[in-house]
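Heads up: the structure comes next, in structure tokens.
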Amino acid sequence: CLEDSNNFRITHVNASINAISLSTQFIGEERNLSPGYWAWSPQNLNSSLGTETFGPSRGNIPNFQPLLTRYQPIGCRFNNDERCNTALSLKRFDPYEFFFFERNVPSRLFSDSHKMVNMELKEDEIKSRVHLMKNADASKYCFVGSSHARILYWASEAYLKKWNATNIIVDYIDAKFPRHVNDELIKRNIIESNCTKSIISVGQWAAAHVPRNRKFMNLIGISPIRFPHYFLEVLNMMRSLKALNATGVHFRSIHQNTLGDVNFDCPPTDWRTPPVLDRFTDIIHNLSDVYNFPFIDTDFIAGPMWDSNHDLMHHATDGKVTKTEALFIIERLLVEDG
Numbered sequence: 642c643l644e645d646s647n648n649f650r651i652t653h654v655n656a657s658i659n660a661i662s663l664s665t666q667f668i669g670e671e672r673n674l675s676p677g678y679w680a681w682s683p684q685n686l687n688s689s690l691g692t693e694t695f696g697p698s699r700g701n702i703p704n705f706q707p708l709l710t711r712y713q714p715i716g717c718r719f720n721n722d723e724r725c726n727t728a729l730s731l732k733r734f735d736p737y738e739f740f741f742f743e744r745n746v747p748s749r750l751f752s753d754s755h756k757m758v759n760m761e762l763k764e765d766e767i768k769s770r771v772h773l774m775k776n777a778d779a780s781k782y783c784f785v786g787s788s789h790a791r792i793l794y795w796a797s798e799a800y801l802k803k804w805n806a807t808n809i810i811v812d813y814i815d816a817k818f819p820r821h822v823n824d825e826l827i828k829r830n831i832i833e834s835n836c837t838k839s840i841i842s843v844g845q846w847a848a849a850h851v852p853r854n855r856k857f858m859n860l861i862g863i864s865p866i867r868f869p870h871y872f873l874e875v876l877n878m879m880r881s882l883k884a885l886n887a888t889g890v891h892f893r894s895i896h897q898n899t900l901g902d903v904n905f906d907c908p909p910t911d912w913r914t915p916p917v918l919d920r921f922t923d924i925i926h927n928l929s930d931v932y933n934f935p936f937i938d939t940d941f942i943a944g945p946m947w948d949s950n951h952d953l954m955h956h957a958t959d960g961k962v963t964k965t966e967a968l969f970i971i972e973r974l975l976v977e978d979g
């Protein structure tokens with residue numbers, strides 16, 4: 642059972658943390674360096690250039706507002722009083738904007754100052770890369786999973802339409818559990834549908850409370866899946882992909898969900914909590930290494946904003962978390978294609 646998040650705070654109510662520089666712990670270890678991070682108060686950045694130098698010389702920093710964990714308190718499912726609205730407000734995330742490191746800067750060259758690129762410039766960079774590849778063979782990126790994969794598919798499709806990309810299309814393949822990525826789906830929806838790249842993430846339903854209605858009757862009793870059984874399902878999924886020689890297969894980290902009243906029940910009636918979903922991601926990541934499947938870790942984007950899901954489960958299709966993640970995934974796949 643989870644402790645009420647009102648008791649999560651480990652600092653004084655007036656305490657604050659001010660990060661003025663990035664850690665140099667991983668300098669020289671490029672694989673450990675995050676491609677970017679969320680920055681507070683974007684109105685203080687140099688928007689005309691789209692870049693900003695973060696470091697000890699950043700100058701005076703305005704007063705920060707504490708970023709408290711967003712959650713749904715017990716009794717707030719159908720309640721709009723001040724207590725519930727304050728705990729569930731999304732406004733706390735408004736001042737945050739994502740910045741990428743400039744590409745092609747080896748981590749060993751990073752010092753106390755780091756050149757950052759905002760989303761607008763990053764999108765222009767990726768759009769240019771797409772247009773440079775317009776004469777290359779056509780690519781098809783397939784997002785495999787359930788609602789979270791579908792939202793990333795929608796966001797990626799929106800980018801490609803906006804850029805008038807003609808040689809890249811995206812598709813969505815429904816699979817709620819690892820067992821659903823079986824021989825039949827792999828052959829029909831991935832191989833025979835000519836997915837040049839497949840991005841698979843199946844973990845939300847494995848920890849969810851399955852609604853007891855006619856639409857999901859065939860799934861009742863499957864969830865939640867215990868860790869050893871989830872491991873076996875993922876193992877069998879990857880073995881099938883290998884046996885059928887599916888190419889271009891990638892796995893993606895699982896998003897965390899905002900804590901709701903179903904998580905705070907004791908015992909809970911829904912198990913999609915950060916510790917459980919992170920463990921599912923660990924299983925996928927570890928087995929991806931064993932079977933030599935590329936793993937796309939987007940936790941540096943979605944992780945810090947884990948409690949900003951508008952409905953406690955999903956990031957909005959046109960929201961900044963989804964748009965940032967879709968942009969990163971597209972870039973990752975394009976870089977692989979050269």
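Numbered continuously in the working numbering, the sequence shown closes out at residue 979.
Quick reminder that beta carbons are idealized off the backbone N, C-alpha and C, glycines included.
A quick note: this is a predicted structure, and the numbers were derived from the prediction, not measured.
Backbone secondary structure at residue i - three-state DSSP
{"i": "residue 934", "result": "coil"}
{"i": "residue 815", "result": "strand"}
{"i": "residue 757", "result": "strand"}
{"i": "residue 833", "result": "coil"}
{"i": "residue 743", "result": "coil"}
{"i": "residue 942", "result": "helix"}
{"i": "residue 775", "result": "coil"}
{"i": "residue 719", "result": "coil"}
{"i": "residue 843", "result": "coil"}
{"i": "residue 730", "result": "coil"}
{"i": "residue 866", "result": "coil"}
Segment limits, alpha helix (DSSP H) that includes residue i
{"i": "residue 893", "result": "That residue, residue 893, is in no alpha helix (DSSP H); its beta strand (DSSP E) goes 890-893."}
{"i": "residue 827", "result": "Here residue 827 belongs to no alpha helix (DSSP H), and DSSP marks it neither H nor E."}
{"i": "residue 971", "result": "961-978"}
{"i": "residue 902", "result": "902-905"}
Where the beta strand (DSSP E) containing residue i begins and where it ends
{"i": "residue 949", "result": "Here residue 949 belongs to no beta strand (DSSP E), and DSSP marks it neither H nor E."}
{"i": "residue 680", "result": "677-681"}
{"i": "residue 803", "result": "First-last for residue 803: 788-803, but that is the alpha helix (DSSP H), not the beta strand (DSSP E)."}
Rounded distance between the beta-carbons of residue j and residue i, thought under 8 angstroms
{"i": "residue 838", "j": "residue 769", "result": "Rounded, the Cβ-Cβ distance is 20 angstroms, inconsistent with contact."}
{"i": "residue 954", "j": "residue 898", "result": "5 angstroms"}
{"i": "residue 882", "j": "residue 827", "result": "6 angstroms"}
{"i": "residue 739", "j": "residue 888", "result": "Going by Cβ atoms, the distance from residue 739 to residue 888 rounds to 31 angstroms, so no, they are not a contact pair."}
{"i": "residue 911", "j": "residue 850", "result": "4 angstroms"}
For residue j and residue i, the rounded distance between their alpha carbons
{"i": "residue 934", "j": "residue 678", "result": "25 angstroms"}
{"i": "residue 949", "j": "residue 734", "result": "7 angstroms"}
{"i": "residue 730", "j": "residue 902", "result": "15 angstroms"}
{"i": "residue 875", "j": "residue 822", "result": "9 angstroms"}
{"i": "residue 947", "j": "residue 896", "result": "7 angstroms"}
{"i": "residue 807", "j": "residue 765", "result": "17 angstroms"}
{"i": "residue 969", "j": "residue 725", "result": "34 angstroms"}
{"i": "residue 978", "j": "residue 937", "result": "15 angstroms"}
{"i": "residue 748", "j": "residue 675", "result": "The predicted model places residue 748 with a pLDDT of 44, which falls under 50 and marks its position as unreliable; any figure quoted below should be read in that light. So the two alpha carbons sit approximately 10 angstroms from each other."}
{"i": "residue 906", "j": "residue 943", "result": "25 angstroms"}
{"i": "residue 893", "j": "residue 842", "result": "5 angstroms"}
{"i": "residue 939", "j": "residue 778", "result": "27 angstroms"}
{"i": "residue 800", "j": "residue 786", "result": "20 angstroms"}
{"i": "residue 1050", "j": "residue 919", "result": "With the chain covering only 642 through 979, there is no way to say anything about residue 1050."}
{"i": "residue 961", "j": "residue 767", "result": "17 angstroms"}
Item to check | Three-pair Cβ contact test at 8 angstroms for the region 710-717 versus the region 757-776 | outcome: no
Next on the checklist: When you compare the region 787-794 with the region 811-829, are there three or more beta-carbon pairs, one atom per stretch, that lie closer than 8 angstroms?
Outcome noted: yes
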